[in-house]
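This report concerns only the one structure given below.
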Amino acid sequence: MFHKIRSRRQTFRLKMMNKLSLSFSFVLLTFFAAQCESTASQKQLLRSCCNEHVPGNWTQCLSTCLQFGSSCPPNVENKTEYLSSYCPTVPSTLQDCFDNVTTSMLECCNRSENQGCRQVCREQVTIGIFDDASIQIVIAACGSPYDLQGGPTDPMWDCFILYNEGQTEPNSGGNSSCPNTPTPATGPTVAPTALPPTFNYADWPRLQCCSMANDSSCLDACHYEYTGSRTTQSWEKLNLDCVFRATEGRLVSCLQDVSTRCRSGCSGLQFCSNFNNKPLTSFRKCDAEADTNAKAEYDNWVSQGVIRHPLVTINTRPLTTCFPERWKVLACAFQMMPCQPKTDTSLICKSDCLHLMRECKSNLLQSEEEICEILSPSYLQEGCIRIDDFLNDSYYKEDASFLTTPCSSSPCTTGKCIVNQACSTNEASCLPYHCVEEAQVGHSPKMSLEKVNLVQASLLPGNREESCHGYVNCTLDSNGECVFGGKLSNVSGRYCIEEASCSYKGKNYSHHDIFSDDCNICQCISSYINCTHHDCPVPQGSASIASKTCSPPYCSCPSLYQPICSSNGLTLPNLFHLNCHGYTDGGAIGQSCYQNNPCSSSASLCPSGSKCIPARHTCMSANGSALQDCPQYYCVSSNNCDQYQGSVICDQSGSEHESMCDFTNTNEKVDYYGHCKIQCSINRRRPVCSVNGDTYPSVCHARGMGVAIDYYSECNDVPRIETGKCEKVKCPDMPFMNTTEQCTGPTPPGACCQQCGSLINILVNKVQLSRSSQAMNVDSIDSTRIINRLKAFVDILQCQLYGHQAVDGSIVVLLLPSNMTSWLNIEACNAVSTRLSTLINRRSPLIAMDPYLSFLTAARSSPAGKVERPLSTQEPSTGSAGISGSSSLAPVSGLFLLSIIIVNLFWAGLSLDLR
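Each residue of the sequence shown is one higher than the one before, counting from 0 in numbering that gives the first Met the number 0.
Here it is, written out as structure tokens:
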């Protein structure tokens, strides 16, 4: 053993002697500093202490603490005393962790046989300062770390050499290049996460984000960091360089999605009270902890007169006399992290930055323009955070209380909280949320997905011109954490995509670019153009109408409503559409899918002891025409009924069952899914046509199937090619917000009437759909499962998400407000819709890693709006949403006001018997 130690020391001595250009004392300094406090393992341990014991939103405190694990640590004697200037409080557990790190080095000191050497070594290690003077003190007491003649040295030095076993050669620069004054960081950042020194699987969610990096060096650092190949250099490059730069907004937003999802609104804040009651703004962090941290950060700015950011240090005039409220907003914004729905940036507007710099600067080495261009570049101003928006109480302070976010208080002790959209605002007995099984993926802080057994993961590409992916199986442990079986090699279904550009109608598009083609949404994927194939209206008399034919891909077929059900459960307008889109006949002409009873021959469908339960849905596959097996029912027994969580059932006798297990124990038949409603009882119901072209017995039946209402009668028409309108349909009047403003909104593809809500058209990548199906070993994917997983992104109880598969295979989603007479409710649902579309378009890991959502690759949100309607003595005309008229306002008649009330009650889903 001694020979092995001696050999290792001799080898190291020879390496050090080769550095002839270095002075002897400097070599000693380099040796001791590199071997002890500045070893990579030591840095990792120190960073782990910071990440484990300092709250992530104490940005200045955490960033300062992490400096102790950098290549240039602060030159201070007492770490916790030093941190007290940058932290609200220094956790006692942090000092304990620091002590544990020091203990391993103290053990080396104890190896010395010289009592004086042991004492001096322990003193210097405890202090933690490794400059030339301290090194000379240790050498004077213990002798040289290596003898130039090959003689014996103190065993303490052998211990330090072994302590560094497996590490790289000491950095020849040592600590000499470090600045004398440390510069702790603060600002609107992702709290850098130091991974444990060893782990046995990649951080799949964050690895998914690496492709978002603009700079190639940031891309490389990201790959090293999250594949298990991390180095000190890659950690510092990613966490202390890339994530602070505005140009890496897409990368930072992606990493933030993994740790903290954007959620609607704030409430209960004290210091940041102006951030309360803003339901149209989303925040990543909005709780008492963030509120406390914001106050601590602001107080620190005031006391020190210095704003420190990794890219710039700003000395300020006394902030108490220089727009203190604006600096307060800034501190709160850094902690709450407002989300910008349409962009990847979370930057303070440059105009606000310039204003604060010009008024409050003090001895800036850089100009105001230079500083603000670094912090908020001119080309990234779309959707920037305006300080003025948070200077005063919310405009909606009195109205926002009726919008509720049941999951904001984290009510689920286990599992993932999802808003229960079956509850209406006036049902006190209905629990407004579900706690569903979840899968926690990646390293801490983990990303939460609904329960999955595998995820789609990004892999290291062979070159920079391609992206590679695969599927990783995981097993859920008792804590719901996704446990992976190995490293990068444990991947199935690996595939790579060349990031090639596309040319379409004379224009060039880059890989992943999303654009519009008339009413359709398109995307460039590896030189291939993928588009939705909705039949866009053509103005009558237009020359292009002659080119419209009943042929793929757009299928401008005759406007004839003779419904037919395809084999995959999709109702098509007529046989022409069925053949044109390549589906297989699954039923009689003139009969929609809902009108088919899947349990009519239940004796032959389900085994003895189980009950046939209708479960109508569409089956999505890459090749719909080849799909033959798409069962529209469940076989439920007491052994498997608990698999159908949240399935409230109203039976045909009008009785309600809270679970599938309750219902299975009866002899009743399903009437519809959802709570029993008086207006949907057999003697009061009336048929409705849904936006998917299917006729349902009542509103409750349609909503129980998760689809929105188009109009109130049996389906009887389809849109005309020339106008996009249905001639035979009487559309409901759009609701009024007041006596002068009426809602207007988009019309879903293939539907007849406008919706007072937000529409999302979602493009499906059928190649990716095929990959997901194969990875899950299924022939197709249930569209209901897709819609239900999208509902998990709706955090406002008063926003209802409906969705269905369109005839072209795309997904159509509607977000409808529960109160269509409230403009605030409408706008809140518009904001949720935009946020969901952005997650899809940005390829957020929340979407891209979920095998049930990963093939949703592009989305376009069309929000509801409002139009001015002049007051008139006439009743609202039927079938029109936005009605223009004379600019002169006539007196409001009682008949007109009554008509508004009737229309609004109608849209609220109530029945008003005037007989």
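Built from N, CA and C at the ideal position, the CB exists for glycine as well. No experiment lies behind these values; they were computed from the predicted model shown.
For the pair of segments examined, the stretch 550–557 was found not to touch the stretch 665–680: the number of CB pairs separated by less than 8 Å stays below three. Assignment of HIS532 by DSSP, reduced to helix, strand and coil, places it in the coil class.
In the DSSP secondary-structure assignment, MET619 is bridged to ILE780. Of all C-beta pairs linking the stretch 722–734 to the stretch 689–699, fewer than three are shorter than 8 Å, placing the two stretches out of contact. The stretch 770–822 is shown to contain whole alpha helix (DSSP H) runs of 4 or more residues at 782–790, in chain order. Taking CYS640 as the centre and dropping the five residues before and after it, the same chain places the C-beta of MET659, CYS660, THR663 closer than 7 Å to its C-beta, in chain order. When the five nearest sequence neighbours on each side are left out, the beta carbons in the same chain lying within less than 7 Å of the beta carbon of SER210 are those of SER457, SER466, in order along the chain. A residue is called buried when at least 16 other Cβ atoms come within 10 angstroms of its Cβ; ILE588 does not meet this threshold and is exposed. Assignment of PRO323 by DSSP, reduced to helix, strand and coil, places it in the helix class. In the three-state DSSP reduction, GLU480 falls in the strand class (E or B).
Nearest neighbour of PRO748 by Cα position, chosen from ILE720, ARG770, ASP584, MET736, turns out to be ILE720.
For the pair PHE274 and THR403, the Cα-to-Cα distance works out to about 16 Å.
For LYS865, the beta-bridge partners assigned by DSSP are CYS742. Comparing C-alpha distances from ASN519 to each of PHE322, PRO154, SER861, ARG868 shows the shortest one belongs to SER861.
For TYR225, the enclosing alpha helix (DSSP H) has its first and last residue at 215–226. The residue among LEU604, GLU655, CYS618 with its C-alpha nearest the C-alpha of VAL635 is LEU604. Listed as beta-bridge partners of GLY469 by DSSP are ALA456. In the DSSP assignment, the residues bridged to HIS433 are ILE417. In the three-state reduction of the DSSP assignment, THR280 falls in the coil class, being assigned neither a helical nor a strand state.
By the criterion of a C-beta distance shorter than 6 Å, PRO444 is surrounded in its chain by SER258, once the five residues flanking it on both sides are discounted. Of all alpha-carbon atoms in LEU762, ALA863, GLU826, the one lying nearest the alpha-carbon of PHE514 is that of LEU762. Positions of the alpha helix (DSSP H) runs, each at least 4 residues long and wholly inside the stretch 233–310, are given as 248–258, 287–303 in order along the chain. Excluding five sequence positions before and after ARG316, the CB atoms of its chain that fall closer than 6 Å to its own CB belong to CYS359, SER361, given in chain order.
The shortest C-alpha to C-alpha distance from ALA614 to any of GLY608, SER620, SER599 is the one to SER599. Linking LEU814 to VAL311 through their CA atoms gives a straight-line distance of about 43 Å. Per DSSP, reduced to three states, the secondary structure at VAL124 is helical. Membership of LEU353 in the alpha helix (DSSP H) is indicated by the continuous run 349–359. Burial state of ASP392 is exposed, judged by a 10 Å Cβ sphere holding fewer than 16 other Cβ atoms. Looking at the DSSP output, LEU574 sits in no beta bridge, so it has no partner there. A buried status is given to VAL251, since no fewer than 16 other beta-carbon atoms sit within 10 Å of its beta-carbon. Here GLN651 is actually not in contact with LYS676; their C-beta atoms are around 14 Å apart, not less than 8 Å. If you draw a straight line from the Cα of ALA805 to the Cα of TYR633, it comes to about 24 Å. Taking C-beta atoms as the reference points, ILE373 and ASP351 fail to come closer than 8 Å. Straight-line measurement puts the Cα of ARG205 at about 47 Å from the Cα of GLU867. Per the coordinates, the alpha-carbon of PHE97 lies some 11 Å from the alpha-carbon of ASN77.
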